[in-house]
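J.: In UniProt numbering, the protein residues as written are 1 to 164. A virtual CB, placed ideally from N, CA and C, is assigned to each residue, including glycine. Please see the structure below; I have some questions.
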Amino acid sequence: MVLRRIEPGPGQESVWDYPRPPRLEDSQKLIQIVFNGIVIAHTQHARRILETSHPPVYYIPPEDVKMEYFIPTSKHSYCEWKGEASYYTVTVNDKSIPDGAWYYPQPTKGYETIANYIAIYPSLMDACYVNGEQVQPQEGDFYGGWITSDIVGPFKGGRGTFGW
């Protein structure tokens, strides 16, 4: 597969301009997440991770998440940049998504400000929004990036992209 960076237009960002290691930054954009007909997260105080070849991942402060829908699980994973992640099953009424959200209880140096902030896989939700625009989930089930009209790729995550 030949990789061709998409040139960003006015007001757009290319994921190929994002750094490695990833940059963590504040976002005042309105983030909303809907699952099983309920808004389970609503914030203008998210943090986003920007990493080469990946759409942003939004981390939401727990005070802006309806935590009664989040049940800790025993799953853990490891990020070379942020450290060990823990997971939540998201349950709203009769619908559950095992390990549908993750967080870093003790992130590594440089990422401390996302401690206990929650990231949610947009592909598993009814809908996720950034400033009212519905997010297109990043392909694959590993990264959990949020694609909006102001983000261009190509994006890692789909079939044949893991070697990028």
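Let's test the definition: count the other Cβ atoms within 10 Å of the Cβ of PHE142 and tell me whether it reaches 16, buried, or not, exposed.
T.: Exposed: under 16 other Cβ atoms inside 10 Å.
J.: Identify, in the order they occur along the chain, each residue of the same chain with its Cβ nearer than 7 Å to the Cβ of PHE35, setting aside the five sequence neighbours on each side.
T.: Excluding positions up to five away in sequence, the list reads VAL90, VAL92, MET125, ASP126.
J.: Distance check for LEU30 and SER123, CA to CA, integer angstroms please.
T.: Cα to Cα, SER123 sits roughly 19 Å from LEU30.
J.: Taking 8 Å as the limit between beta carbons, can you name the residues of its chain near TYR88, skipping five residues before and five after?
T.: If we look at TYR88 and ignore the five residues flanking it on each side, its Cβ neighbours are PHE70, ILE71, PRO72, THR73, ASP99, GLY100, ALA101, TRP102, TYR103, ILE118.
J.: Expressed to the nearest angstrom, what Euclidean distance is found between the alpha-carbon atoms of GLY145 and PRO62?
T.: In a straight line, the C-alpha of GLY145 is about 19 Å away from that of PRO62.
J.: In the DSSP output, which residue or residues are listed as bridge partners for ARG47?
T.: Per DSSP, ASP26, TYR59.
J.: Just to confirm before moving on: does the CB-CB distance between LEU24 and ILE60 stay below 8 Å?
T.: Going by C-beta atoms, LEU24 is not nearer than 8 Å to ILE60.
J.: Based on the DSSP secondary-structure assignment, which residues constitute the bridge partners of GLU80?
T.: In the DSSP output, where bridge partners are listed per residue, GLU80 has none listed.
J.: Which residue's Cα is closest to the Cα of GLY157: PRO22, GLU80, GLN138?
T.: It is GLN138 whose Cα lies nearest to the Cα of GLY157.
J.: Go to VAL65, then tell me how far its beta strand (DSSP E) extends in each direction, as first and last residue.
T.: Counting along the chain, VAL65 falls outside any beta strand (DSSP E), and DSSP gives it neither H nor E.
J.: Put ASP126 into one of helix, strand or coil per three-state DSSP.
T.: Coil, per DSSP.
J.: Could you work out which residue in SER86, ALA115, TYR121 is closest to GLN32 when comparing CA atoms only?
T.: When only C-alpha atoms are compared, the closest one is TYR121.
J.: Classify VAL135 as helix, strand or coil using the three-state DSSP reduction.
T.: The answer is coil: DSSP assigns VAL135 none of H, G, I, E or B.
J.: Could you check the C-alpha separation between GLU68 and VAL39 for me, to the nearest Å?
T.: Rounded to the nearest angstrom, the two C-alpha atoms are 12 Å apart.
J.: May I ask you to report which of helix, strand or coil DSSP gives THR161?
T.: Correct three-state label for THR161: coil.
J.: For GLY100, report the span of its beta strand (DSSP E) as first-last.
T.: Its beta strand (DSSP E) spans residues 95 to 103.
J.: Give me the residue from LEU3, ASP26, PRO56 with the minimum Cα distance to VAL135.
T.: Taking only the C-alpha atoms, the option nearest VAL135 is PRO56.
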